[in-house]
Amino acid sequence: MTRCPCCGARGLRPSERSSGLGAAEFSECGHCGILVDPRLSGTGTGPGTKDGTLERFLKERLAPEHFVSRTCDPITVESYALRTLALGRDLATTPLGDAQRDALRHPYRPLPAIARLSPLSLIDRVPVSLVMLCRPSDLEGLARRLPALGPSFAEIVLVVSASAVPPRPVPGGDVRMLARPLDGDFAAQRNAGQIAAKSDWVLQLDADESLDDDTLAHLGRVAALADGTGALSVGLPRRNLVDGVLADLYPDVQYRLNRRSVRFEGRVHERPLLPRGWRDGFIAPNLHITHHLTRSHVETRSARYEELSPGKGRTFERDALLTPYRP
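The opening position of the sequence shown corresponds to residue 36 in the working numbering, with each subsequent residue numbered one higher.
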């Protein structure tokens with residue numbers, strides 16, 4: 036197995052948590068927390084293995100009904116990891132009992148998951164504001180895209196890297212523009228958008244990022260699910276397309292769906308500043324950001340980010356972005 040069957044990340048590793056959950060020597064995904072029986076490792080793609088054991092398990096057990104994590108299962112999850120596993124199949128989890136609800140809010144308790152599964156589509160959406168960081172040169176292209184995005188969001192706020200708002204308005208629904216020089220500080224730019232937004236939940240995008248229809252349909256539902264458990268931030272896997280080719284840097288999780296009160300930190304590769312760190316957020320594998328890049332941009336971006344914030348430029352990502360996706 037080369038990637039996690041839950042979130043698609045590489046690097047399953049030996050886990051210190053497995054024995055407490057009755058799954059001795061299982062491997063753990065450092066992204067989503069799922070525990071997987073290493074004896075099922077194979078050369079299959081995605082969530083599959085050589086004999087399809089995992090794929091059959093996920094298909095049979097992740098249905099709209101009760102889920103009970105058992106020691107004989109090929110995977111082991113507690114409430115926090117089960118939420119992510121279920122979302123990957125457009126399902127919502129409701130932990131059963133006070134102990135399970137407490138485990139969801141305080142991962143990782145050594146308590147195998149017991150929960151009710153239901154279609155995510157049954158959850159009422161909450162309003163979400165869209166904040167997009169852009170340059171004046173991006174506005175013409177955004178004007179063509181925004182009308183299609185408008186119905187999915189309560190509002191759209193463009194944070195333009197400029198000293199003054201461009202005189203020509205941008206068409207397409209409820210769109211506001213805020214001018215602010217970037218000055219090499221991406222967190223400050225995102226925070227300006229967080230402050231300007233009116234909805235309790237805010238999705239942040241860059242001008243070279245897009246969303247598919249399924250993501251647009253479920254954003255408000257996932258935000259509502261987060262509200263119900265007190266979560267503040269949701270990570271969206273990002274697909275990086277370099278000259279149209281999917282890069283090996285995946286899931287490249289971006290914590291871009293946040294409560295309006297959340298603030299970002301870091302001049303480059305900014306992340307939300309959360310009171311309890313990762314425990315205040317979770318990954319939603321059913322929501323995707325698509326990042327459109329050119330090879331020439333990839334070859335220079337990490338070095339430019341390193342200049343802006345020494346030691347934070349992630350120059351190692353360049354090779355992964357220039358390597359086509361490997362299952």
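Heads up, the beta-carbon is just placed ideally off N, CA and C, and yes, glycines get one too.
Check	Outcome
P40 burial status per 10 Å Cβ neighbour count (16 or more: buried)	buried
Within 9 angstroms, strictly: CB atoms of L292 and V257	yes
Pick from A214, R179, S234 that is closest to A227, judged by C-alpha positions	A214
DSSP three-state assignment for H101, whether helix, strand or coil	strand
For Q289 and I324, the rounded distance between their alpha carbons	8 angstroms
Cβ-Cβ distance between K233 and E175 below 9 angstroms	no
Inter-residue spacing [alpha-carbon to alpha-carbon] between S198 and L131	53 angstroms
CB contact flag (L146, A127, <9 angstroms)	no
Environment of A98 [buried if 16+ CB atoms lie within 10 Å]	exposed
Segment contact flag, the stretch 215-223 with the stretch 144-162, C-beta cutoff 8 angstroms, min 3 pairs	no
Classification of S114 by the beta-carbon crowding that lies within 10 angstroms, buried from 16 upward	buried
Per-residue DSSP class, three states only, for P196	Note that residue 196 corresponds to Ser in the displayed sequence, not to Pro. Coil, per DSSP.
Exposed unless 16 or more other CB atoms sit within 10 angstroms - verdict on P362	exposed
Those residues which DSSP pairs with Y290 across a bridge	G270
Contacting residues, own chain, Cβ-Cβ under 8 angstroms from A355 (five flanking each side not counted)	A282, D283, L284
Neighbour-count burial assignment, V112, 16 or more Cβ in a 10 Å radius	buried
Which residues DSSP lists as bridging Q239, in chain order	V166
Boundaries (first-last residue) of the alpha helix (DSSP H) holding F221	221-231
Residue from R274, F299, R298, T250 whose Cα sits closest to the Cα of T358	R274
Distance between F299 and E305 (C-alpha atoms, nearest Å)	6 angstroms
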